[in-house]
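> Sharing a structure below in structure tokens format, with a few things to ask.
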Ligand SMILES: [Fe+3]
């Protein structure tokens with residue numbers, strides 16, 4: 015066994031991430047117009063309720079059948095082809111959006127089933143390390159009620175993790191509030 | 301199922317008031333501990349489709365060469381057990397030699413360089429190694445406090461192979477006299493951990509009569525020995 019190496023610490027993404035990180039197809043986990051595609055959008059807001067125009071929102075999720083195209087999934091890697099990853103820099107109004115397919119439910123290693131969800135990283139100037147949150151879906155009330163992660167969250171705050179259907183079919187909204195009073199639940203992963 | 305270690309006291313506290321932008325952005329409530337499930341131990345395996353040839357050389361993308369001190373920057377992406385992280389996307393962005401970013405928000409009155417946009421990307425090889433050719437970025441002023449200047453740095457974005465390993469950080473240069481007054485560098489609690497963000501001048505990488513060489517390794521969280529079921533029964 016090699017000696018343990020010291021880990022590299024985090025630093026802020028800073029205000030100039032737009033030079034290097036946005037990809038033209040970043041928000042498109044699947045191309046717009048894909049059958050069954052949904053759009054999740056919202057704003058990133060600071061403690062004064064002002065939009066954060068220099069944030070990067072990244073998502074990672076299972077495919078609709080609950081698989082991951084990844085060799086470390088102990089159930090075996092799912093079929094390749096679903097990227098599972100979305101990246102959206104916020105615009106001048108603090109808005110992000112991700113076009114994707116609904117993730118499937120997942121077996122929880124501690125027993126039980128995780129409701130469909132996306133893992134989310136938020137990076138911004140003023141954040142010295144990413145903050146991690148999740149996006150669940152309001153139209154999955156039974157799955158959410160049985161979700162082992164939501165169960166660890168104060169019921170009064172769970173709503174900050176649940177995207178709500180908005181307007182047309184396939185549109186979901188969820189704002190990410192970095193600070194009080196409606197502060198989003200962030201996770202220590 | 302194997303998860304990833306949880307570093308304690310490594311990263312800067314989000315609540316670091318000397319860096320003023322944290323005041324309205326750092327969450328006030330403590331984070332909720334998330335056990336690592338399938339979503340956390342997997343992650344995007346972004347590959348060659350994200351990188352085109354020439355992306356790793358920031359000096360040859362325009363009709364002329366950028367001004368500044370040409371440099372080669374290379375190193376390995378490893379986990380804490382020393383295992384290389386192969387085929388992983390590494391993205392960088394930086395100021396030009398004058399300390400100016402090619403970004404509309406940067407109003408520092410230093411010259412833009414039409415031959416430098418400051419973005420690069422590459423994939424690590426089977427040994428976890430990345431390599432960029434660029435120019436040394438300049439220091440630049442910012443408005444955090446009176447007469448605040450950022451030490452010279454290059455921004456790095458790393459994926460590893462799991463959501464849990466995702467990291468964005470900055471790499472600094474040896475002996476920078478601006479370290480002492482920089483609240484971002486000093487937000488890292490452990491001075492030894494700060495030093496791990498500083499690259500090393502490496503004469504074996506330096507190419508005679510052409511460019512100085514620097515080396516910098518990046519260490520991501522490694523697998524933890526604990527098994528979920530035993531930990532939480
Ligand atoms: Fe910078």
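Protein chains in written order, with my numbering: chain A, 15 to 203; chain B, 301 to 533.
All residues carry an ideal CB built from backbone N, CA and C; glycine is no exception.
Return the residue from the list 426/B, 388/B, 442/B, 373/B that minimises the CA-CA distance to residue 405/B.
Sorting 426/B, 388/B, 442/B, 373/B by C-alpha distance to the C-alpha of residue 405/B places 442/B at the top.
> Determine the DSSP secondary structure at residue 169/A, reduced to helix, strand or coil.
Helix, per DSSP.
> Quick check: residue 390/B and residue 19/A, are their CB atoms within less than 8 angstroms of each other?
no
> Closer than 9 angstroms between beta carbons: that is the criterion. Which residues of the stretch 128 to 154 of chain A meet it against chain B?
128, 131, 132, 133, 135, 137, 138, 139, 140, 141, 142, 143, 144, 145, 146, 148
> With distance defined between alpha-carbon atoms, name the residue in 465/B, 350/B, 438/B nearest to residue 421/B.
The shortest CA-to-CA distance from residue 421/B to any of 465/B, 350/B, 438/B is the one to 350/B.
> May I ask whether a heavy atom of ligand 1 can be found less than 7 angstroms away from the beta carbon of residue 395/B?
yes
> So with CB distances below 9 angstroms, who are the chain B contacts of residue 87/A?
338, 341, 342
> Let me know if residue 510/B comes out buried or exposed under the rule of 16 or more other beta-carbons within 10 Å of its beta-carbon.
exposed
> Expressed to the nearest angstrom, what Euclidean distance is found between the alpha-carbon atoms of residue 21/A and residue 182/A?
Rounded to whole angstroms, the separation of the alpha carbons of residue 182/A and residue 21/A is 46 angstroms.
> Consult DSSP for residue 102/A and reduce its assignment to one of helix, strand or coil.
strand
> Taking the straight line between their C-alpha atoms, what separation do you get for residue 437/B and residue 335/B?
So the alpha carbons of these two residues sit roughly 40 angstroms apart.
> Use the C-beta contact count for residue 466/B: other C-beta atoms within 10 angstroms, 16 or more gives buried, fewer gives exposed.
buried
> Give the straight-line distance between the Cα atoms of residue 530/B and residue 523/B, rounded to the nearest whole angstrom.
The pLDDT assigned to residue 530/B is 43, lower than 50, so where the model puts this residue is not dependable, and the model offers no usable value.
> Please identify, using Cβ separations under 8 angstroms, the residues of the stretch 98 to 110 of chain A that lie next to chain B, in order along the chain.
98, 99
> Scan the stretch 469 to 491 of chain B for residues whose Cβ lies nearer than 7 angstroms to a Cβ of chain A and list them as they occur along the chain.
469, 470, 484, 487, 488
> Sort 78/A, 132/A, 159/A by Cα distance to residue 55/A and report the nearest one.
132/A
> With hydrogens ignored, establish whether the beta-carbon of residue 148/A is closer than 7 angstroms to any heavy atom of ligand 2.
Within the structure as shown, ligand 2 is missing, the only ligands being ligand 1.
> Are the Cβ atoms of residue 31/A and residue 103/A separated by less than 8 angstroms?
yes
> Between 107/A, 39/A, 159/A, 163/A, which has its C-alpha nearest residue 63/A's C-alpha?
107/A
> Quick check: the Cα distance between residue 309/B and residue 487/B, rounded to an integer number of angstroms?
11 angstroms
> For residue 110/A, write down the residues that DSSP places opposite it in a beta bridge.
56/A
> How big is the Cα-Cα spacing for residue 201/A and residue 499/B?
31 angstroms
> Taking the beta strand (DSSP E) that residue 69/A falls in, what are its first and last residues?
Run containing residue 69/A: 69 to 75, per the beta strand (DSSP E) assignment.
> Below 8 angstroms, can you find three or more Cβ-Cβ pairs linking the stretch 41 to 61 of chain A to the stretch 415 to 432 of chain B?
no
> Report the neighbours of residue 212/A on chain B: residues whose CB is nearer than 7 angstroms to its CB, in chain order.
The requested residue 212/A does not occur in the structure, where chain A is confined to residues 15 to 203.
> So, for residue 365/B: in the same chain, excluding its five sequence neighbours on each side, which residues have a beta-carbon less than 8 angstroms away from its beta-carbon?
Here residue 365/B has 359, 415 as same chain residues with Cβ atoms under 8 angstroms from its own Cβ, once five neighbours each way along the sequence are excluded.
> List the residues of chain B whose Cβ lies closer than 7 angstroms to the Cβ of residue 197/A, in chain order.
327, 328, 329
> Taking CB distances under 8 angstroms as the criterion, tell me whether residue 312/B reaches chain A.
yes
> Measuring CB atoms only, is the stretch 167 to 177 of chain A touching the stretch 471 to 483 of chain B, in the sense that at least three cross pairs come out at less than 8 angstroms?
no
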